[in-house]
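Residue numbering for the sequence shown follows our numbering, beginning at 164 and increasing consecutively.
Think of the CB as a built atom: it goes at the ideal place given N, C-alpha and C, for glycine as much as any other residue.
Below is one structure, written out as structure tokens; comments come after it.
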Amino acid sequence: MKPEQAELERLRKENAKLRMERDLLKKAVAYFAKESRAFTFCKGL
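And the structure:
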């Protein structure tokens with residue numbers, strides 16, 4: 164395998180990992196935003 168091919172493969176793997184991490188963080192933000200709204204709503208009663 165040429166060095167360029169190895170670098171491309173490494174970057175593709177890193178890109179896939181970063182996309183998974185980004186998606187997980189998006190889900191976490193949505194979850195905590197939902198929890199925060201529910202808490203604020205209950206607190207207002």
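Kindly indicate which three-state DSSP category residue i falls into: helix, strand or coil?
| i | result |
| --- | --- |
| K189 | helix |
| M183 | helix |
| K176 | helix |
| K165 | coil |
Comparing the CB of residue i with every heavy atom of the ligand FMN, is any distance shorter than 7 Å?
| i | result |
| --- | --- |
| N178 | Absence of the ligand FMN is noted for the structure shown, with no ligands found whatsoever. |
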